[in-house]
Amino acid sequence: GKKQYDREFLLDFQFMPACI
Amino acid sequence: APPAEQLHPLQNRWALWFFKNDRSRAWHDNLQLVTKVDTVEDFWAMYSHIQLASKLSSGCDYALFKDGIEPMWEDSRNKRGGRWLMSLAKQQRHSELDRLWLETLLCLIGESFEEHSREVCGAVLNIRTKGDKIAVWTREAENQTGVLHIGRVYKERLGLSAKTIIGYQAHADTATKSNSLAKNKFVV
């Protein structure tokens, strides 16, 4: 299906350790 | 890094471009592809490694476009399109620019415009002494339903007041006139 993500979902990943 | 099956794939792969104005070189030579991202995790890794919009020097641009579309009017997927343009006042660089640009990026990668997200080509940030600009580019200026839906959702996501008007200009009109004279095809 289509991958739609709302802003809160996306922002939850901002400072996850795997992203640094 | 987490295993690939735990990553959150984006609907599209997106390319980040950086433009630095060097008048000794041709326009196209000043445009650099920085990286491409296709997961939520990749996006934040990219975002955390690049300069904030407000820290760029005047004359620089960022552009985030769907993979395969170059951030220029001449690209076949842009040339019949146009842009929702937000012109910022000088003082907004330090108060709001970073929030507005990040919100724009999240609208793109999150596919926030329902079925009309397929109309989106990308977004462009211009850092300019006279005032910074952010625009969302779509592929077909004659698609009134799609363009207006994108404009309304985008304006709401940016948190703009009802009194603030943003305009949509066809690239064909912008290309033949200076930016300030290009007429708005739609407003929201």
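So the sequence lines, in the order shown, correspond to chains A and B. Read left to right, the first sequence gives residues 904 to 923 (the numbering used here). Read left to right, the second sequence gives residues 2 to 189 (the numbering used here). Note that CB positions come from ideal geometry on N, CA and C, so glycine has one too. Just so you know, these numbers come straight off a predicted model, no measurement behind them.
Where residue 112(B) falls, given that 16 or more other Cβ within 10 Å makes a residue buried: Buried, since its Cβ has 16 or more Cβ neighbours within 10 Å.
Which whole runs of the alpha helix (DSSP H) in the region 46-72 of chain B are 4 residues long or more, in chain order? none
With 9 Å as the limit, tell me which residues of the region 34-47 of chain B have their beta carbon closer than that to any beta carbon of chain A; keep them in chain order. 41, 42, 43, 44, 45 and 46
Would you please verify whether the beta carbon of residue 17(B) is less than 9 Å from any beta carbon of chain A? Judged by the 9 Å Cβ criterion, residue 17(B) is not in contact with chain A.
Thinking C-beta only, is residue 89(B) closer than 9 Å to residue 101(B)? yes
In this structure, how does DSSP classify residue 22(B) when only helix, strand and coil are distinguished? coil
Taking the alpha-carbon positions, what's the residue 84(B) to residue 126(B) distance? So the two alpha carbons sit approximately 12 Å from each other.
Around the C-beta of residue 156(B), are 16 or more other C-beta atoms found within 10 angstroms, so that it is buried, or is it exposed? Classification of residue 156(B): buried, given that the 10 Å Cβ count is 16 or more.
Using the Cα positions of residue 16(B) and residue 164(B), report the straight-line distance between them to the nearest angstrom. 33 Å
In DSSP terms, what residue 85(B) is bridged to: Under DSSP, the beta-bridge partners assigned to residue 85(B) are 137(B) and 169(B).
Is residue 11(B) close to chain A? Criterion is C-beta to C-beta, closer than 9 Å. yes
Touching by the beta-carbon criterion (3+ pairs, under 8 Å), the region 92-111 of chain B and the region 132-142 of chain B: yes
Same chain only: Cβ atoms within 6 Å of residue 140(B), ignoring 5 sequence neighbours per side: Cβ neighbours of residue 140(B) beyond the five flanking positions: 78, 82, 120 and 122.
Skipping 5 residues on each side, what residues in its chain have a beta carbon closer than 8 Å to that of residue 150(B)? Within the same chain, and ignoring the five residues on either side of residue 150(B) in sequence, the residues whose Cβ sits closer than 8 Å to its Cβ are 114, 115 and 117.
Quick one: is residue 69(B) buried, meaning 16 or more other Cβ sit within 10 Å of its Cβ, or exposed? exposed
On the DSSP bridge list, what partners appear for residue 15(B)? In the DSSP assignment, the residues bridged to residue 15(B) are 38(B) and 67(B).
CA-CA distance, residue 30(B) and residue 56(B)? 22 Å
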